[in-house]
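Structure record follows, encoded as structure tokens.
Numbering (this note's numbering), first residue to last: 301 to 572.
If you want it as structure tokens, here you go:
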């Protein structure tokens, strides 16, 4: 009976003395209340009653920062939330320097997020988010470094604006699009006017170009199944009619002048 009790006691001692930690874990050993270092991964032994092991996870943790209500530098109220990626790089500091490193990191992240957003303008918050992420990561990492915590990434997830500000920004964006549309239309009109000017110069130098264009227009109109076909009169025919009219006017004026000269000659002859 005594032997059985002794064996049971030895077995209990062995069970409490044997520790196994995983690859991503470390065991911080306290001997009589003093830290003697970190052990692991794998199998190791501790002295029962005199030593105690605290297991620390070294994997990267994802911390969701709750929505923070703050006011930007240009006095716009916003609601911002973020996510923080961090891991323990010094398990001894994580156990001895802070009571709960996860809660402490969360509180630091919340206060830093409000502070950084309060120092930024709304346009900077919306367009330069990467810059703010780097600033948040640097500040939080420096604050948690004494605890053996390494903050690798901080990302601002969402920015909520008041409904009135959203409507104002929508009107601003619409006005900007309207301005760009007007500028493009004016530029298109200018380019079209330049092309028409070049075409007019070419036609003025080569009159047959207008005739070819007229024939092309007739071909385009004829291909359409319409009851009305417009046939423009060639400009050369108009010029021909004009030249004939000018010739007729010149001949008429010449005949009238000759007739007047003949009458004057007859009047002088009868007077003599």
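Here a beta-carbon is modelled for each residue, glycine too, at the ideal position from N, C-alpha and C. Keep in mind it's a predicted model, so treat the numbers as computed, not measured.
| Check | Outcome |
| --- | --- |
| Selection from 344, 333 and 338 that minimises the alpha carbon distance to residue 316 | 344 |
| Residue environment, residue 333, which counts as buried when at least 16 other CB atoms sit within 10 Å | exposed |
| Candidates 435, 420 and 557, of which the one nearest residue 371 by Cα | 420 |
| Residue from 378, 458, 491 and 498 whose Cα sits closest to the Cα of residue 464 | 378 |
| Where the beta strand (DSSP E) through residue 343 begins and ends | 342 to 345 |
| Proximity below 7 Å, CB of residue 335 to CB of residue 380 | no |
| Residue 448 versus residue 311 - alpha carbon distance | 37 Å |
| Residue span of the beta strand (DSSP E) that contains residue 370, given as start and end | 361 to 371 |
| Integer-rounded CB distance, given that residue 412 should sit under 8 Å from residue 440 | 5 Å |
| Selected residue, minimal CA-CA separation from residue 385, among 417, 551, 400 and 409 | 409 |
| Environment of residue 401 [buried if 16+ CB atoms lie within 10 Å] | buried |
| Opening and closing residue of the beta strand (DSSP E) in which residue 337 lies | 334 to 339 |
| Rounded Cβ spacing between residue 433 and residue 459 (contact assumed at less than 8 Å) | Contact flag wrong, Cβ pair sits at about 12 Å. |
| C-alpha gap between residue 355 and residue 323, whole angstroms | 12 Å |
| Euclidean distance between Cα positions of residue 461 and residue 487 | 36 Å |
| Spatial neighbours of residue 351 in its chain, beta-carbon cut-off 7 Å, leaving aside the 5 residues before and after | 329, 330 and 331 |
| Cβ separation of residue 361 and residue 450, assumed to be a contact under 8 Å, to the nearest whole Å | At roughly 11 Å, the Cβ-Cβ gap does not stay under 8 Å, so residue 361 and residue 450 are not in contact. |
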